[in-house]
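There are 4 protein chains.
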Amino acid sequence: MLNLNKTIIVKNKKNSKIKLKEPILLVGLPGLGNVGTIVADLLIHQFKAKPLAKLYSNHFPHQVLMLKNGGLRLLNNRFYLIDNFNKKDNLIILTGDTQAITPEGQFDVNLEILNYFKNKLKGKFIFTIGGYTTMQEDLKNPKVFGNVTNTKIIDKFKKYDIVFKESRGAILGSLGLLLVFAKMQKLEGLCLMGETKYPELDPMAVKAIVSVLNKIFNITIDTKDVDKLIKSIDNSNNNIANNISIPPPFLDNKENSQPSYIR
Amino acid sequence: MLNLNKTIIVKNKKNSKIKLKEPILLVGLPGLGNVGTIVADLLIHQFKAKPLAKLYSNHFPHQVLMLKNGGLRLLNNRFYLIDNFNKKDNLIILTGDTQAITPEGQFDVNLEILNYFKNKLKGKFIFTIGGYTTMQEDLKNPKVFGNVTNTKIIDKFKKYDIVFKESRGAILGSLGLLLVFAKMQKLEGLCLMGETKYPELDPMAVKAIVSVLNKIFNITIDTKDVDKLIKSIDNSNNNIANNISIPPPFLDNKENSQPSYIR
Amino acid sequence: MLNLNKTIIVKNKKNSKIKLKEPILLVGLPGLGNVGTIVADLLIHQFKAKPLAKLYSNHFPHQVLMLKNGGLRLLNNRFYLIDNFNKKDNLIILTGDTQAITPEGQFDVNLEILNYFKNKLKGKFIFTIGGYTTMQEDLKNPKVFGNVTNTKIIDKFKKYDIVFKESRGAILGSLGLLLVFAKMQKLEGLCLMGETKYPELDPMAVKAIVSVLNKIFNITIDTKDVDKLIKSIDNSNNNIANNISIPPPFLDNKENSQPSYIR
Amino acid sequence: MLNLNKTIIVKNKKNSKIKLKEPILLVGLPGLGNVGTIVADLLIHQFKAKPLAKLYSNHFPHQVLMLKNGGLRLLNNRFYLIDNFNKKDNLIILTGDTQAITPEGQFDVNLEILNYFKNKLKGKFIFTIGGYTTMQEDLKNPKVFGNVTNTKIIDKFKKYDIVFKESRGAILGSLGLLLVFAKMQKLEGLCLMGETKYPELDPMAVKAIVSVLNKIFNITIDTKDVDKLIKSIDNSNNNIANNISIPPPFLDNKENSQPSYIR
C-alpha cells in the first residue's frame, strides 16, 4: 500500500523499463507567468512524451482535481520521457499542478526529485524553466535570462541568446532549489527565465524560451498555438484573466484530462 | 493512555462489535454550504444511527466545545452505523466538527479514515457529500454534480439525476482526498456536490442531495426541517448569518450535546 | 544537556522534593482579558508560591524577554506550589508568557502539562481560568461561567455563583484542551470564565473570578491592586491600551523580573 | 551525500583545521535595521575573515539567490574566522541571508549553531548584534542597549557606553534565542542592540555598535563606507528604500558574489 504521508514517486510500469543514456531533465513547474508549465506542455505534446513516473506529496495543497471525463485525481508532479527528442539526447520532462507550500516541504520534494533523477535515471544535467520580471512596462522583445550551477558552463550556453549575469534577487521553489541541490551533488544545470510581463500567463516569455531551446537542442518546437494566444491577448481590451479562461487547444490534454492551469 | 499527539480512532466498545457486510461509507464533513454535515445529520437522526468510533487529531484546530449540558468536548470526527438503512446495505456515516488545516494534517487524517474503513470495517465504496458553486445568481433548481474514482461507474449512477463531467476545478479536503486515496487502494467512490448559493448554510443544496440519495438507496429521507429552514431563509430580509444562529430542531442533537455548526 | 527541540519540563531541584497530597492544579495562561494570568499572579504573590518547575517548548514563539535587571529569558510556562493555601489543599499554579501557536504544538504542550500533573505530582483535579465574552456593551456585574469535565460535578460547584450550561461555542488553547485531555484520563476539572468586556486586560472579570475562588476554597484573596486598576480604567478617557502600559504594583514581580503581560 | 532535509553545518576543509583558543562568537543575522549583518560585513572585510563553515536548513525560506557571476546559491548562514582580530582573541563571525521562519525551525537552527560553537569550536562567549527601536522621531545619537545571559557580567561591560536595564519587551530570533540557549549550557553572552530609526537599513545604529565594539576589543573598525551611506540617506528626499537599492562598495562582496540584503 502506498504511504502518502510523505513524498513518493510512483513509476509507470512499462515506460520506466526503457534504457536511458545520461538523460537530461527539463523542469517546467507552476510559477511566474506559467512559463515553465507551458513550455513543458508544448514539448510533451509535440514529441509525444511517454509518462514515466508520478510524484505525490503530503506537502502539496490538499486538493483534488475534477476531470473532464468525470474522474478525480490528486495534485501531482509528473515525469515524462522523450526518447526521440533529437539525435543525441534522452529528455525527461518534469511538470505538474503545484509546488510544495512550506520550506520543509520544498526541501523534501526537490530532494526526492533530484534523488530520482540522479540515482534511478542516472541523469547529469538539469534545465529549469521559469519567468523573471524586470518590471518593464513596454516589453516587446522579452529576453531569456540564465543562471548556472557552475560558472564554467556559461561560455557553452552564451551563444544561444541567453543573458547571463544580469538577473538579480531570489528565485522561489524548484526553479532554483533543484539546481543548488544538483550542484551540491556534482550535477550541473541551467536555469532559463523568460522575461515576464503577465504574472498569470505569459506566452511571449514562452516564445522567447522556445527560441533558445530550439538553438540549444537544434530542434523546431511548433508555436502556432502560442502565437494564437499572443494575438488573443493583443486584441483583448480586457485583462489577461479573461484569456486564461479559454486555454488554447494544445493545452487541452485530452489523454490525461488534466487542467493545465492550477493556481 | 491515549496518545493524542497524532491522529487516533477510538472505537465504541459495544457497537464496534456488530458484524458488517461490505459497508458503504457516506462522508459529510464541514465545507461549502455545510451541505455534507446537514445531510449526515439528517441520516443519523432519521435512521437512529449508532455511534461506532471517534477520530481525534492533533491536526484539528486546538479548540474545545462548550456543551449545553455544561460539559466540554474535543473537536472530533465521528463514525456512525446505520445497520437498518435499506434492505441491502450497512451504511457508515462519517461526520464531524472540523477538518485538518494543513496539507500534512489532511493527508494524515484522511489516510487514517481510509485505513479504518478499508481494513477494519472491510468497506468497498465511499460517497462523499459536499457543495459546489457555479456562481449563478438566480439559482432555483440546484443540480447535483458528480465525480467518480473510476469513470466506468458513471453509467451506473447517471440515472439518478447526477450531472457528470461538468464540474471543474479543485475540491478541498476530505470531499476529494478520501476518494483519490480510495482509488489508489482499489476502492471505488462517488463525490456528490449540491449546487450551492450560500457558502455558510445551504438547505436547497441539501434537498437536491437528499433527492439523489433517495433514488440511489430507494429510501425516503424526511426533509420537513430542511423545508422550514428554506422558508425562513426566503422570508428573511437579513443575511443568511442570522438564520444560522437559529439551527432547526433536527440539528439540535440532544443526545450528544454537540453543536452542529462550527466555523 | 537540555534538548529544547521539543517540549520539556525542568524541575526546581529543591521545591520539587516537597511531598504533595493529591494537589489541585489552577491554570492561568494568556488569553481573553488576561483573566487567567492576573488571577494566577494574585495567588502567587499573596500566598508566596514556591517555584516548582518550568516548561519550555519549541512550539512557543521564538522570542526572548528583556528583563529589568538587564538579563534575558526564554518564553516559558511556570508551575508554582502553594503548600499553605488553605487548611485542606496543596495548590499548584500554572501560569506563563505564552501558549503554543499551532494545533500540533498545543496538543504536545498540554499533553506534557497533564502528564506532569497526573503522573509526577499525582494530581486529580484541574481548574482552568479564562475569559468569556457575551458581547454585552454595558457590563456592570460580570458573571462567571463554568464548564466541567463531568456533568456530575456541576451540583458540587453550583452554590459558588458559577453559571453553568449557558456558555456556548469554542474555547481556544489550554483553557479547554487541558480539561478534555484530563477527562480522557479519568481526571476531573472545572473551567471558570469571567465575563469579559476588554479583550486586552479585564480586571472586572478578574474580581468576579476571585469572588468565586474565595467561596470555593474558603479563602480571601486580596484585590486592592485590582480595584486600583478598575478605577484607573474607569477614569480613563483613553482606551484600555494606555492602562496596560502601567501595570499595577503587584504585577511587578521583582523576584523573577518577568513582565506580566506578553501578547 | 548531504541530507538537506534538516539543519546541517558544512565545514570548510582547510580553515576548519585551524586551532582555536576559546573563540568568541559574534552574531550578525538579518533583523531590525539590518544592524547585525552590516556590522558582521564590516568585520569580515576589514579583518579579511576566513570562511569556516556554512549552515543550511530546510527551515530557511525555499529561495535561491542569483549571483553577479551568473551562478546560484542556497540561502544560508555563514561562519567566518578572524584569527588576527586583536592581540587576545580568536573571533568567529556568524552572518547570513535569512533566519528560520517558524518557532520549531528557530529552535532547531539556533541549537545547531550553539552546539557547533560550544562542542566543536570550544567557545565560551557570544555577542549577538541587532537593532532596537525606541520609537523616537528625532534620533540623533543612537544608544546601544545591552542585555546579558548573567547579570554578574554587566559591570564588566558598563564602561563601554552600553545602556543596561532600560530595554524592554521581546527579542525575536537568534539575537535572543542563542543567548538563552547559551545560558542554559553555562556559556555567557551579551546582546548589543543599536537604537534604530529605519527598520530596513540603519547605518547610524551600525556606527553606534561599531563604537562600542572598538572599545570592548580595543580595535578600530573603519566606517568610511558607513559614513557615506549615512550622508546619502541625509541627502535623500526619497525614502530609505531607494538607498538600499544602491549598496555601498564595501557591501559588495565580490569574492562570494553574495548580495548583502535579503529581505
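Chains as they are written, first to last, in the working numbering: chain A, 1 to 263; chain B, 1001 to 1263; chain C, 2001 to 2263; chain D, 3001 to 3263. All residues carry an ideal CB built from backbone N, CA and C; glycine is no exception.
Whether residue i touches residue j by CB criterion (9 Å)
i: K2011 (chain C); j: L2052 (chain C); result: yes
i: L2192 (chain C); j: I2129 (chain C); result: yes
i: D202 (chain A); j: L42 (chain A); result: no
i: T3095 (chain D); j: Y3080 (chain D); result: yes
i: P2142 (chain C); j: A2100 (chain C); result: no
i: V2144 (chain C); j: V2212 (chain C); result: yes
i: K2228 (chain C); j: L2139 (chain C); result: no
Residue i versus residue j: straight-line alpha-carbon distance, rounded
i: D161 (chain A); j: E188 (chain A); result: 20 Å
i: I18 (chain A); j: L121 (chain A); result: 10 Å
i: T2134 (chain C); j: K3231 (chain D); result: 56 Å
i: L2172 (chain C); j: L2179 (chain C); result: 12 Å
i: K2054 (chain C); j: R2078 (chain C); result: 5 Å
i: F1107 (chain B); j: G176 (chain A); result: 27 Å
i: Y3116 (chain D); j: I153 (chain A); result: 35 Å
i: N3090 (chain D); j: G146 (chain A); result: 41 Å
i: V210 (chain A); j: T220 (chain A); result: 9 Å
i: E195 (chain A); j: K50 (chain A); result: 30 Å
i: R2168 (chain C); j: L2190 (chain C); result: 15 Å
i: K1013 (chain B); j: N1084 (chain B); result: 20 Å
i: K3088 (chain D); j: I3082 (chain D); result: 12 Å
i: E3255 (chain D); j: I3216 (chain D); result: Per-residue confidence for E3255 (chain D) stands at a pLDDT of 34, beneath the threshold of 50, marking its modelled position as unreliable; no derived number is given.
i: N1239 (chain B); j: V35 (chain A); result: Note that N1239 (chain B) has pLDDT 42, beneath the 50 cutoff, so the model's placement of it is unreliable and no number is given.
i: S3174 (chain D); j: H1059 (chain B); result: 28 Å
i: T3092 (chain D); j: P3023 (chain D); result: The displayed chain sequence assigns Ile, not Thr, to residue 3092 (chain D). So the alpha carbons of these two residues sit roughly 7 Å apart.
i: I3008 (chain D); j: L3074 (chain D); result: 13 Å
i: N3 (chain A); j: G1105 (chain B); result: 14 Å
i: N5 (chain A); j: L2026 (chain C); result: 38 Å
i: N242 (chain A); j: I233 (chain A); result: In this prediction, N242 (chain A) has a pLDDT of 38, which is less than 50 and means its spatial position is unreliable; what the coordinates show is noted afterwards. C-alpha separation (whole angstroms): 9 Å.
i: V3226 (chain D); j: K3048 (chain D); result: 18 Å
i: V2163 (chain C); j: A2182 (chain C); result: 22 Å
i: T37 (chain A); j: I44 (chain A); result: 10 Å
i: N1237 (chain B); j: L67 (chain A); result: The predicted position of N1237 (chain B) is uncertain, since its pLDDT is 40 and thus under 50; a value taken from the coordinates is nonetheless stated next. Approximately 39 Å, taken between the alpha carbons.
i: E200 (chain A); j: E1166 (chain B); result: 24 Å
i: Q3136 (chain D); j: G3033 (chain D); result: 14 Å
i: K186 (chain A); j: N3110 (chain D); result: 29 Å
i: G2131 (chain C); j: M2204 (chain C); result: 11 Å
i: K1021 (chain B); j: F1157 (chain B); result: 22 Å
i: F1125 (chain B); j: V1148 (chain B); result: 11 Å
i: G3123 (chain D); j: M184 (chain A); result: 29 Å
i: T2151 (chain C); j: N3150 (chain D); result: 50 Å
i: K3118 (chain D); j: K3159 (chain D); result: 28 Å
i: Q265 (chain A); j: F1127 (chain B); result: The question about residue 265 (chain A) has no answer, for chain A in this structure spans 1 to 263.
i: K224 (chain A); j: V206 (chain A); result: 12 Å
Whole-angstrom C-beta distance between residue j and residue i, which should lie under 8 Å
i: V3039 (chain D); j: G3028 (chain D); result: 5 Å
i: N69 (chain A); j: Y56 (chain A); result: Rounded, the Cβ-Cβ distance is 20 Å, inconsistent with contact.
i: P1061 (chain B); j: P2103 (chain C); result: 6 Å
i: N1086 (chain B); j: N1218 (chain B); result: 6 Å
Heavy atom of the ligand ATP within 8 Å of residue i beta-carbon
i: K3224 (chain D); result: Absence of the ligand ATP is noted for the structure shown, with no ligands found whatsoever.
Got a sec: which bits of the region 178-195 of chain A sit with their beta carbon under 7 Å from any beta carbon on chain B, in order along the chain?
none
Interface residues of the region 1149-1161 of chain B facing chain A [CB-CB below 9 Å]
T1149, N1150, T1151 and I1154
To be precise: take each residue of the region 1096-1118 of chain B, compare its Cβ to all Cβ atoms of chain A, and keep it if any distance is under 7 Å. Which residues remain?
P1103, E1104, Q1106, F1107, D1108 and L1111
Start-end ranges of the alpha helix (DSSP H) lying completely within the region 1128-1165 of chain B, minimum 4 residues:
1154-1158
Unbroken beta strand (DSSP E) runs of length 3 or more, entirely within the region 1069-1097 of chain B: which are they?
1072-1074, 1077-1082 and 1091-1096
Give me the subset of the region 1026-1041 of chain B whose CB atoms are less than 8 Å from a CB atom of chain A, sorted by chain position.
none
Of the residues that make up the region 69-83 of chain A, which ones have a beta carbon closer than 7 Å to any beta carbon in chain B?
N69, G70, G71, L72, R73 and L74
Contact set between the region 3007-3018 of chain D and chain C, restricted to residues whose Cβ is under 7 Å from the partner:
none
Near-chain B residues of the region 43-68 of chain A (beta-carbon distance less than 7 Å), N- to C-terminal order:
N58, H59, F60, P61, H62, Q63, V64, L65, M66 and K68
Using a Cβ-Cβ cut-off of less than 7 Å, list which residues of the region 2123-2140 of chain C approach chain B; keep chain order.
none
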